[in-house]
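The sequence shown begins at 1 in the working numbering and counts up one residue at a time. By construction, the Cβ of each residue, glycine as well, lies at the ideal position given by its N, Cα and C atoms.
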Amino acid sequence: MAIAAAGPDLSSPERVSKNGGDAMDANTEAQMTGVKNVHPLAVRMTHWINVFAMFIMVTSGWRIYNASPLFDFKFPRDLTIGGWLGGALQWHFAAMWILVINGLIYVAYGIVTRHFKANFLPLTPRSVWHEFTNALRGRIKHELGVYNAVQRAAYIGVIGVIVLLVLSGIAIWKPVQFQGLAALMGGFDGARWVHFIAMAMVVLFVAVHVAMVALVPRTLLPMFTGRASTTGHGG
Ligand code: HEM
């Protein structure tokens, strides 16, 4: 699989220029210092705040689900937070604001600075299929700093799913005030289904995403520091 295969950028001008500097200058500086900026501060901060908020949303959400299960199973109590329905709802609503405000900052940053355009595009179904089948044959693309097509598709996909997760959550939270939104999802019960399926897709994304980081661990430190060595395999 190729999702987290690519490491931080050691050569791409676009990954360098997104950090605010001129591509040529940044490349020259990187050659001289052996270190390059690969993940902008705003991306790193919003990424880790999102991880924190998502963890609370999912584990408290499972507790809320257990109070009135949609399907024939419940989530193990030890994997949930909040203790009881009321407590879990408090956690869920508190983290909701962090998730949404942080997400809006990330999306605005991605559009205004062209971070999305520079790092997630171009993307074609053919390139995703090509790299996916390559990865299945054990040929994971390791080009440092440039997200491969499977990563790009996964990142765009999960951002879209999180938008759906938030919209369906709003429809469940205020089904009267947001009747139109709830109706689009087949009413209150339909919105619960959409919310659950979107949650499952995010959890699946995270499981694969973290497994890929474990397979290519040198991608992890730059997601904290923003910097990567241009020599050796220091990532
Ligand atoms: C403990 C959990 C997580 C770890 C260790 C982790 C780690 C990473 C790393 C290392 C990268 C950079 C990959 C590279 O340079 O090739 C990355 C990027 C990314 N991760 Fe995560 N991640 C985690 C959770 C999440 C979650 C919960 C989401 C969303 C639901 C997420 C969404 C993303 C996205 C969208 C990017 C691309 C960011 C950008 O460049 O705009 N991650 N993650």
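Within 10 Å of its beta-carbon, does residue i have 16 or more other beta-carbons around it, so buried, or fewer, so exposed?
i, result
"G169", "buried"
"L165", "buried"
"R126", "exposed"
"M212", "buried"
"Q151", "buried"
"R137", "exposed"
"I111", "exposed"
"W62", "buried"
"F116", "buried"
"S68", "exposed"
"G82", "buried"
"T80", "buried"
"A200", "exposed"
"P222", "buried"
"G232", "Its pLDDT being 47, under 50, G232 is placed unreliably in this model, and the coordinates cannot settle the point."
"M185", "buried"
"A108", "exposed"
"G160", "exposed"
"T46", "buried"
"W91", "buried"
"A30", "buried"
"A207", "exposed"
"K149", "Here residue 149 turns out to be Ala, not Lys, going by the sequence shown. So A149 ends up on the buried side."
"D78", "exposed"
"I214", "Here the sequence assigns Ala to residue 214, which means Ile is not the residue at that position. When all chains shown are included, A214 counts as exposed."
"G157", "exposed"
"G180", "exposed"
"G145", "buried"
"G103", "buried"
"R139", "exposed"
Using DSSP's beta-bridge definition, name the partner residues of residue i.
i, result
"A228", "K36"
"G138", "Paired residues: none, contrary to the question."
With a threshold of 7 Å between beta-carbons, can residue i be considered close to chain B, or not?
i, result
"A67", "Looking at the structure shown, chain B is missing, and only one protein chain is on hand."
Problem set entry | At least three beta-carbon pairs within less than 8 Å, the region 89-99 to the region 51-64 | yes
For this session: Mind listing, in chain order, the continuous alpha helix (DSSP H) runs of no fewer than 4 residues lying wholly within the region 178-216?
Result: 179-184 and 187-215
For this session: Would you list, in sequence order, the uninterrupted beta strand (DSSP E) runs of no fewer than 3 residues that lie entirely inside the region 57-89?
Result: none
Problem set entry | contact_flag[the region 209-229, the region 35-51] where n(CB pairs < 8 Å) is 3 or more | yes
Problem set entry | Three CB pairs or more closer than 8 Å across the region 118-134 and the region 146-163 | yes
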